[in-house]
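Participant: Following this message is one structure expressed as structure tokens.
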Amino acid sequence: MKGFAIVASLLFLLIMTLFGFSVLLMASGHYSSSRGLFEKENARIACEAAAHWIVAQHNAGITTPPYLFDPGNWNGTALRSFQWNSHTISATFEAPWTSTGINRLTLTARKGTFLASQTLELRQIRLENFAFFSTQPQVLPYASLFDGTVFARSTIELQRPSVRFREFVYAGVQPEYYASFRKRTLQAPEFPNPEQLMPPAILEEKARETGIAVINRDSLFWENDHYRLDLDQLAIDTINGLWHLQYKAKDLGLHRSLILWFDADLRLRLTERPVSPLPSSKLRDPLYVVSLGNLQIDSNLSPLESASRIHPLCAIAGNAIHLLASIPRACHLDACLIAFGSGDAGGGLKIEAGGRDLTAPEREQFLFAIRNSAFLVEDEKKQTLLYALNAGEKTVWFRGGVILNASLQGSSDLSQLHFGSSEEVYSLLPSLSFVYIVEGSRQWQ
Amino acid sequence: MKGFSLLEFVIAAHLCLLILIAGYSVLDREKDFLAKMSGWTRPEQESNYRLLLLRNLLQDSSQQLKRNAFLQSVPFFFNDLDFGKEQRNDAFSFVRPLSSPVWFRREGFWYHVPKSPLWKGGTTLLMAGSDAAGRFQWNFARVLLDDPGGSTQRVKLKFFLSHPELDSGSLLQAELHGFLWKNKTLYWVSPSGSLSPYFGSLDEFSYTFSGSQLMISWRIAEITAEFRSTL
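Protein chains in written order, with the numbering used here: chain A, 1032 to 1476; chain B, 2 to 232.
So, in structure tokens, the structure goes:
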């Protein structure tokens, strides 16, 4: 009988073991399915948080050099991996870092067999990214549209409601209920003054060595008490990789850089051209026009076009920029404007009262610019701008950014003032050390 | 006493047979029971797996649109399979951009776009920009003809919606995906418009969309799954 008891016990044990084992397998399969869901999500969150942490760590400036520029953090184009919430974070750039272009980064968060990977684009903040940059507080008595990053040291005081910001605002905006924001930022990097980034003496040196320095009241440009540069009279060509410039049919020689530097006040003028139906596919090389004193603008500004290139304009004043009374009543300036003069020296940007009627090409160009800008999707702003245009009210639209060391002063008759950032890359202007993630560039792998 | 009697042998043989039959029967019942248990847990595993796949497809799918001021103003989620013309609780569709934005300009029947990338016939494009009156418009279109000659690439388009004709703006390659719950089955509507069963035997299905957040929930017997994706 003992034999039967043993066989029966063993059979019972076998059945129970098989049952237990099967239940265990089933439970582990079920658990791993649920766990997979949570861990995958955790990996995604870790990946996304790590990307923001890298940018925040870099921009916080805790370390010198900043995080992304520290060779100690890198092994070639790969970031040294680090731990983030139990995940191992590794990152690799597609190519060595460039300060003027896009840096594509692949970021991976891994925990055991669970991983999440995304690509994103990082760019260094550049002066031309700003629609408005001022190292002084700014008072704004207009219902403006800002289509680009905004920076003002301390505050921007709004005196009218309906001010619209489409990009990040690095400034205290008061009162906030007068503003509407498409994007908010909690982090405000301490941006340096423009002259710290790009000392004016360097521009002079650059012009003397590789561009054109106009000095001692050169009769070709001098007029009464200032220089005058009629951009319609400037012809640009390339010969053997050098820039060949002519002004009023007079040969200005061959130069390595497209920079014209003037040692006194300069008046700038350009005649509006008919709207080109198609965007040009020509290469783009910016033209830098620098005045040691004040820069006076008495027309609309837009990129120049030569036989093989488009030349976006960057106009730089050692002191202040003046928009003269002779500008069109609805004026748009598709150029990057920089004024180094500080408040004490009377710098900044001043808009004079008055203005002339628009010519037909100017009106057509203005309407074309509205249709191909952010105004198209900001209907309220578009309607008020069109009303001002039709009513002949004074309107100024900066389309390439305004960088100031002092404040902007509008005229008493100014009805509309709008700002946009440049889409060009002015390679002569230095990049700021801060970086940002390009909006819409994140893609999961 | 040595050996055993016939009676003892018969009893022992019966006992042995009984143990074997009982053992087999218990194993069989155990198999049925485990199969039943597995049947209870498998839908949840399947639900989790489908949920992961769907989330991969949906999460951040509209990101590329944010690269452009015009395209970011285009609706990228529709409460039906026909660009939002009728509200449905059992179907939705969404846009998945596949390229970076480029400019376009209209000239008669032709649309000028940059030389690169090359748009082949049959490609679906999402376009946004200004109409002749200067108003914001958007539309989807299929490339009918392409003419890569000249300084730009010219394409002829067939528009999906009868919106006013676009004059200038930005476009990108995109595809439209959709999901439809019908006869207890969730179907995936592919960019070509064909239906494929995606997840079967769903007793309930619902979704809500707000801002760029899509919340989907479904129920299979006692198992309810609910998840959120940012498009």
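Here a beta-carbon is modelled for each residue, glycine too, at the ideal position from N, C-alpha and C.
What are the residues of the segment 102-120 of chain B that lie near chain A, defined by any Cβ-Cβ distance shorter than 8 Å?
Facilitator: Trp104, Arg106, Glu108, His113, Pro115 and Lys116
Participant: So if I threshold CB-CB distances at 8 Å, which residues from the segment 1303-1319 of chain A count as touching chain B?
Facilitator: Pro1308, Leu1309, Pro1310 and Ser1312
Participant: Run through the segment 1319-1349 of chain A for me and flag every whole beta strand (DSSP E) of 3 or more residues, listed as ranges in chain order.
Facilitator: 1326-1328, 1340-1342 and 1344-1348
Participant: Our contact map puts A:Val1433 next to A:Phe1406 with C-beta atoms below 8 Å; I'd like the distance itself, whole angstroms only.
Facilitator: Looking up residue 1433 of chain A in the first sequence gives position 402. Looking up residue 1406 of chain A in the first sequence gives position 375. Not quite, the Cβ-Cβ distance comes to about 18 Å (not below 8 Å), so this is no contact.
Participant: Verify the CB distance criterion: does B:Asn184 have a CB-CB separation below 8 Å to chain A?
Facilitator: The residue you call residue 184 of chain B lines up with position 183 of the second sequence. For B:Asn184, the answer is no, since every Cβ of chain A falls outside 8 Å of its Cβ.
Participant: At 3 residues or longer, what runs of the beta strand (DSSP E) sit wholly inside the segment 1179-1219 of chain A?
Facilitator: 1180-1189, 1194-1196, 1200-1205 and 1210-1212
Participant: Taking the alpha carbon of A:Leu1297 as the point to measure from, which residue in A:Leu1318, A:Ile1267, A:Arg1248 and A:Asp1282 has its own alpha carbon closest?
Facilitator: Position 266 of the first sequence, counted from the start, is the residue given in the question as residue 1297 of chain A. Ranking A:Leu1318, A:Ile1267, A:Arg1248 and A:Asp1282 by Cα distance to A:Leu1297 puts A:Arg1248 first.
Participant: Going by the beta-carbon positions, is the gap between A:Ser1458 and A:Ala1162 smaller than 8 Å?
Facilitator: On the first sequence, position 427 is the one that residue 1458 of chain A refers to. On the first sequence, position 131 is the one that residue 1162 of chain A refers to. It is not a contact, given that the beta carbons lie outside the stated cut-off.
Participant: From A:Lys1071 to A:His1083, what distance separates their C-alpha atoms?
Facilitator: Translated into the one-based positions of the first sequence, residue 1071 of chain A becomes position 40. Translated into the one-based positions of the first sequence, residue 1083 of chain A becomes position 52. Using only the alpha carbons, I get a separation of about 19 Å.
Participant: Name the residues in the segment 1370-1403 of chain A whose C-beta lies less than 9 Å from a C-beta of chain B; which are they?
Facilitator: Result list: Leu1398, Phe1399, Ile1401, Arg1402 and Asn1403.
Participant: Relative to the C-alpha of A:Leu1285, which residue among A:His1342, A:Asp1294 and A:Thr1269 is closest?
Facilitator: Position 254 of the first sequence, counted from the start, is the residue given in the question as residue 1285 of chain A. For the residues A:His1342, A:Asp1294 and A:Thr1269, the minimum Cα distance to A:Leu1285 belongs to A:Thr1269.
Participant: Rounded to whole angstroms, what is the Cα-Cα separation between A:Ala1338 and A:His1363?
Facilitator: As a first step, residue 1338 of chain A must be located in the first sequence, where it is residue number 307. As a first step, residue 1363 of chain A must be located in the first sequence, where it is residue number 332. In a straight line, the C-alpha of A:Ala1338 is about 25 Å away from that of A:His1363.
Participant: Report whether the distance from the Cβ of A:Ala1091 to the nearest heavy atom of the ligand ATP is below 7 Å.
Facilitator: Within the structure as shown, the ligand ATP is missing, as the structure has no ligands at all.
Participant: So, B:Leu203 versus B:Lys185, is the Cβ gap smaller than 8 Å?
Facilitator: Counted from its first residue, the second sequence places residue 203 of chain B at position 202. Counted from its first residue, the second sequence places residue 185 of chain B at position 184. Going by C-beta atoms, B:Leu203 is nearer than 8 Å to B:Lys185.
Participant: Starting from B:Phe180, follow the beta strand (DSSP E) in both directions and report where the run begins and ends.
Facilitator: Along the second sequence, read from residue 1 onward, the residue named residue 180 of chain B stands at position 179. That run of the beta strand (DSSP E) goes Leu167 to Lys183.
Participant: Kindly list the residues whose CB is nearer than 7 Å to the CB of A:Ser1478, restricted to its own chain and excluding five residues on each side of it in sequence; keep chain order.
Facilitator: An answer regarding residue 1478 of chain A cannot be provided, because it is not within the stretch 1032 to 1476 covered by chain A.
Participant: Just to check my reading of the structure: B:Ile20 and A:Ala1039 have Cβ atoms closer than 8 Å, yes? What is that Cβ distance to the nearest angstrom?
Facilitator: Stepping through the second sequence from its first residue, residue 20 of chain B is reached at position 19. Stepping through the first sequence from its first residue, residue 1039 of chain A is reached at position 8. At roughly 6 Å, the Cβ-Cβ gap stays under 8 Å, so B:Ile20 and A:Ala1039 are in contact.
Participant: Under a three-way DSSP split, which group does A:Met1229 fall into?
Facilitator: Walking along the first sequence from the start, residue 1229 of chain A turns up at place 198. Residue state, collapsed to three classes: coil.
Participant: Comparing the C-beta of B:Thr153 with each C-beta of chain A, is any distance below 8 Å?
Facilitator: Against the second sequence, residue 153 of chain B aligns to sequence position 152. Yes, B:Thr153 lies at the interface with chain A (some Cβ there is under 8 Å from its Cβ).
Participant: Could you tell me the alpha carbon to alpha carbon distance between A:Leu1389 and A:Ile1085, rounded to whole angstroms?
Facilitator: Taking the first residue of the first sequence as position 1, residue 1389 of chain A is located at position 358. Taking the first residue of the first sequence as position 1, residue 1085 of chain A is located at position 54. Each residue's alpha carbon lies about 50 Å from the other.
Participant: Please state if the CB of A:Ala1074 and the CB of A:Leu1146 are separated by a distance shorter than 8 Å.
Facilitator: Here residue 1146 of chain A refers to the residue found at position 115 when the first sequence is read from its first residue. Here residue 1074 of chain A refers to the residue found at position 43 when the first sequence is read from its first residue. Yes; because the gap between Cβ atoms is below 8 Å, this pair is in contact.
Participant: Closer than 8 Å by beta-carbon distance: list the chain A residues that pair up with B:Asn57, in chain order.
Facilitator: Working through the second sequence from its first residue, we reach residue 57 of chain B at position 56. Near B:Asn57 (Cβ distances below 8 Å), the residues of chain A are Trp1475.
Participant: A:Ile1358 to B:Ser169, Cα distance in whole Å?
Facilitator: If you number the first sequence from 1, residue 1358 of chain A lands on position 327. If you number the second sequence from 1, residue 169 of chain B lands on position 168. Each residue's Cα considered, the two are about 28 Å apart.
Participant: Are the beta-carbon atoms belonging to A:Thr1166 and A:Asn1090 less than 8 Å from one another?
Facilitator: Mapped onto the first sequence, residue 1166 of chain A falls at position 135. Mapped onto the first sequence, residue 1090 of chain A falls at position 59. No; because the gap between Cβ atoms is not below 8 Å, this pair is not in contact.
Participant: Would you list the residues sitting across from A:Ala1101 in a DSSP beta bridge?
Facilitator: By 1-based counting over the first sequence, the position of residue 1101 of chain A is 70. Here residue 1101 of chain A turns out to be Asp, not Ala, going by the sequence shown. In the DSSP output, where bridge partners are listed per residue, A:Asp1101 has none listed.
Participant: Nearest-angstrom Cα distance between A:Arg1387 and A:Leu1326?
Facilitator: Mapped onto the first sequence, residue 1387 of chain A falls at position 356. Mapped onto the first sequence, residue 1326 of chain A falls at position 295. When only Cα atoms are considered, A:Arg1387 and A:Leu1326 end up about 20 Å apart.
Participant: Are the beta-carbon atoms belonging to B:Glu176 and B:Asp132 less than 8 Å from one another?
Facilitator: In the second sequence, the residue the question calls residue 176 of chain B occupies position 175. In the second sequence, the residue the question calls residue 132 of chain B occupies position 131. Cβ distance not < 8 Å, so B:Glu176 and B:Asp132 don't count as in contact.
Participant: Could you tell me the distance, in whole angstroms, from the CA atom of A:Glu1079 to the CA atom of A:Ser1117?
Facilitator: For the purposes of this step, residue 1079 of chain A is taken as the residue at position 48 of the first sequence. For the purposes of this step, residue 1117 of chain A is taken as the residue at position 86 of the first sequence. Near 14 Å, if we compare the C-alpha coordinates of A:Ser1117 and A:Glu1079.
Participant: Pairing CB atoms from the segment 1044-1056 of chain A with CB atoms from the segment 1090-1108 of chain A, are three or more of them under 8 Å?
Facilitator: no
Participant: For B:Gln64, which residues from the same chain have a beta carbon less than 8 Å from its beta carbon, with the 5 sequence-adjacent residues on both sides left out?
Facilitator: As a position in the second sequence, residue 64 of chain B is number 63, starting the count at 1. For B:Gln64, where only same-chain residues beyond five positions count, the Cβ hits under 8 Å are Pro98.
Participant: Answer yes or no: do B:Trp139 and B:Met128 have a C-beta to C-beta separation smaller than 8 Å?
Facilitator: Against the second sequence, residue 139 of chain B aligns to sequence position 138. Against the second sequence, residue 128 of chain B aligns to sequence position 127. For B:Trp139 and B:Met128, yes; Cβs fall inside 8 Å.
Participant: Who are the near neighbours of B:Gly179 in its chain, counting only those whose CB is closer than 7 Å to its CB and skipping five residues on each side?
Facilitator: Taking the second sequence and counting its residues from 1, the one referred to as residue 179 of chain B is at position 178. By the criterion of a C-beta distance shorter than 7 Å, B:Gly179 is surrounded in its chain by Leu82, Ala92, Phe93, Ser94 and Val190, once the five residues flanking it on both sides are discounted.
Participant: For A:Tyr1173, name the three-state secondary structure that DSSP assigns.
Facilitator: The residue labelled residue 1173 of chain A in the question sits at position 142 within the first sequence. It is coil, neither helix nor strand.
Participant: Since A:Gly1242 and A:Leu1309 are thought to touch, with beta carbons under 8 Å apart, how far apart are those beta carbons, to the nearest angstrom?
Facilitator: Within the first sequence, residue 1242 of chain A is the residue found at index 211, counting from 1. Within the first sequence, residue 1309 of chain A is the residue found at index 278, counting from 1. 31 Å between Cβ atoms; not a contact.
Participant: Could you please give me the residues that DSSP links to B:Glu87 through a beta bridge?
Facilitator: Numbered from its first residue, the second sequence carries residue 87 of chain B at position 86. B:Glu87 pairs with nothing; no bridge assigned.
Participant: Could you tell me which of B:Ser6, B:His113, B:Ser62 and B:Leu173 sits nearest to B:Thr153, measuring between CA atoms?
Facilitator: The residue given as residue 153 of chain B occupies position 152 in the second sequence. Ranking the options by Cα distance to B:Thr153, first place goes to B:His113.
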